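Take a look at the structure below.
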Amino acid sequence: MVAVLNPKAFKLPRVEKEKFITLIRLGLDYNRDQGTFSIKSYNNVEKLIETVSAILGDEVVFQQTCTRCGKNFSCSTCNYVEMCATKNLPFTCVCPQCLRDRKQFEQYLLKF
Amino acid sequence: MLIRFHQVRIPLIIALLQKICLLERVNAEFEALERIAQNSRGDVRSAVNDLQSLSEATHNLTLQETALLSSRNKDISMDETLHKYFAAKYIVEVQSLLSYSSVDYDDFLLSVSDNLPRRYTNPSELAAAYDYVSKADLYRGRIGTENWHLLKYFFNELAQAAAVNPESFKPFEFISPPIRIITLFWTKGKRNMLNNICGKIGTQCHVSHATAKHDFVPYIKLMLQQKKNSPLIEWFKFNDEEVDHLLKMGRY
Chain E
743 MVAVLNPKAF
753 KLPRVEKEKF
763 ITLIRLGLDY
773 NRDQGTFSIK
783 SYNNVEKLIE
793 TVSAILGDEV
803 VFQQTCTRCG
813 KNFSCSTCNY
823 VEMCATKNLP
833 FTCVCPQCLR
843 DRKQFEQYLL
853 KF
Chain X
15 MLIRFHQVRI
25 PLIIALLQKI
35 CLLERVNAEF
45 EALERIAQNS
55 RGDVRSAVND
65 LQSLSEATHN
75 LTLQETALLS
85 SRNKDISMDE
95 TLHKYFAAKY
105 IVEVQSLLSY
115 SSVDYDDFLL
125 SVSDNLPRRY
135 TNPSELAAAY
145 DYVSKADLYR
155 GRIGTENWHL
165 LKYFFNELAQ
175 AAAVNPESFK
185 PFEFISPPIR
195 IITLFWTKGK
205 RNMLNNICGK
215 IGTQCHVSHA
225 TAKHDFVPYI
235 KLMLQQKKNS
245 PLIEWFKFND
255 EEVDHLLKMG
265 RY
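Respectively, the protein sequence lines represent chains E and X. Each position in the first sequence, counted from 1, maps to that position plus 742 in my numbering. Each position in the second sequence, counted from 1, maps to that position plus 14 in my numbering.
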């Protein structure tokens, strides 16, 4: 099974102190109030994904943020997922709806 | 520091082409842009060039017109070659991959050798894979710089090493560039220093660098360890760094 996580806020099961320190060193940030993790640094993101996958016991994929509409979406909804060589990084792409919708694209261009 | 530049994703290339079309007033079908983006294999420059060459005359672009595009035979990087090599399921797949990749064969052989233990966790599979790699190495040696007709055998042995057990493939982090090359890179400063020392010994004793390295350096090191302000330092014209290097150096 593939777990799709939001890089801005996701929850993990309670982990040991050493594991928690490893996660923080790999670039995660912990929000105590909400009990959620978020990605602060992308320098070790491959190792980070590996560690989070080991904790969850599932393959982990982070959600992408659409550069046009700003919504989060999963790579599994993309038509080009099989041809894509960079499924995990960067975390920004264009969602399938925005790619097809010409009107929305024109509105997006008008913003600049 | 190693900075990797990955392929640009197809949706991002399509989005860029859409923007260009809008600004340049080109009426392009979505499917045509999609085809250009797919054909570019993540290379933005080639996608823009294709768009320009197809739409420059008419300012219209249809899917039919993109049929004229020939498939881009791109050079693929070492990382990508390694990824496709280890993920391949069939021998033919690997052979075609190696034939259009422009990686250096010696570097690739070293990288494959470094990464095999990560690919095969089963010892018998690993042994079989190394056996094929050793045969590939044998052919590489026979090819040298002229017997390129043997290249197909080199590819064949490498392909068999990749396809020992295709079902057991799980993605892993590659060791690249090869450990041997990284080691040479990291020890370059030390090797240069030793080379300078051997040069100075050679000048004074009228011997080659190789003789200085093997017959003189170990004894000079012992002498300096026993007497740190030995007159040898002045005679050989060693500087402080070289003396320090000689005293601290291990095996070479």
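By construction, the Cβ of each residue, glycine as well, lies at the ideal position given by its N, Cα and C atoms. Computed from a predicted structure; not experimentally measured.
To which residues does DSSP link residue i through a beta bridge?
i: E/Thr-834; result: E/Thr-807
i: E/Val-802; result: E/Ala-745
i: X/Leu-75; result: X/Ala-42
i: E/Phe-815; result: E/Gln-806
How would you write the range of the beta strand (DSSP E) that residue i sits in, first residue to last?
i: E/Val-744; result: 744-747
i: E/Asp-771; result: 770-773
Applying a beta-carbon distance threshold of less than 9 Å, which residues of chain E neighbour residue i?
i: X/Phe-183; result: The contacting residues do not exist; X/Phe-183 stays about 14 Å from chain E at best.
Report the rounded CA-to-CA distance for residue i versus residue j, giving the unit in angstroms.
i: X/Asn-210; j: X/Tyr-153; result: 37 Å
i: X/Leu-82; j: E/Asp-775; result: 58 Å
i: E/Lys-753; j: E/Val-746; result: 11 Å
i: X/Leu-26; j: E/Leu-841; result: 9 Å
i: E/Leu-765; j: E/Thr-793; result: 8 Å
i: E/Asp-843; j: X/Asp-121; result: 46 Å
i: X/Leu-31; j: E/Met-825; result: 18 Å
i: X/His-220; j: X/Asn-161; result: 41 Å
i: X/Thr-95; j: X/Arg-59; result: 21 Å
i: X/Ser-138; j: X/Phe-168; result: 22 Å
i: X/Ala-142; j: X/Ser-148; result: 10 Å
i: E/Leu-831; j: E/Asn-786; result: 11 Å
i: X/Ala-61; j: X/Ala-42; result: 14 Å
Is residue i close to chain X, meaning its C-beta is less than 8 Å from at least one C-beta of that chain?
i: E/Tyr-784; result: no
i: E/Val-836; result: yes
i: E/Gly-811; result: According to the sequence as given, residue 811 of chain E is Cys; it is not Gly. No, E/Cys-811 does not count as interfacial toward chain X.
i: E/Phe-833; result: no
i: E/Arg-842; result: yes
i: E/Tyr-822; result: yes
i: E/Phe-762; result: no
i: E/Phe-847; result: yes
Let's see if you can read the secondary structure: which residues bound the alpha helix (DSSP H) around residue i?
i: E/Phe-779; result: Where E/Phe-779 is concerned, there is no enclosing alpha helix (DSSP H), although the beta strand (DSSP E) it sits in stretches over 778-781.
i: X/Val-2; result: Beyond the ends of chain X as shown, which are 15 and 266, falls residue 2 of chain X; an answer cannot be given.
i: X/Asn-206; result: 202-219
i: X/Met-263; result: No alpha helix (DSSP H) contains X/Met-263, which DSSP labels as neither H nor E.
i: X/Pro-232; result: 231-240
i: X/Glu-107; result: 105-114
i: X/Ser-119; result: One point to set straight first is that residue 119 of chain X is Tyr, not Ser, in the sequence displayed. Looking at the DSSP string, the run of the alpha helix (DSSP H) that includes X/Tyr-119 is 119-133.
Along chain X, which residues have their Cβ under 8 Å away from the Cβ of residue i?
i: E/Met-825; result: Ile-24, Gln-52
i: E/Thr-828; result: His-20, Gln-21, Arg-23
With a threshold of 8 Å between beta carbons, is residue i in contact with chain E?
i: X/Ala-101; result: no
i: X/Gly-45; result: Checking the sequence, you will find Glu at residue 45 of chain X rather than Gly. It does not: the Cβ of X/Glu-45 has no partner Cβ on chain E nearer than 8 Å.
i: X/Ile-234; result: no
i: X/Ile-28; result: yes
i: X/Gly-269; result: It is not possible to answer for residue 269 of chain X, since the shown part of chain X is limited to 15 through 266.
Along chain E, in chain order, which residues have C-beta atoms closer than 7 Å to that of residue i?
i: X/Glu-187; result: Glu-788
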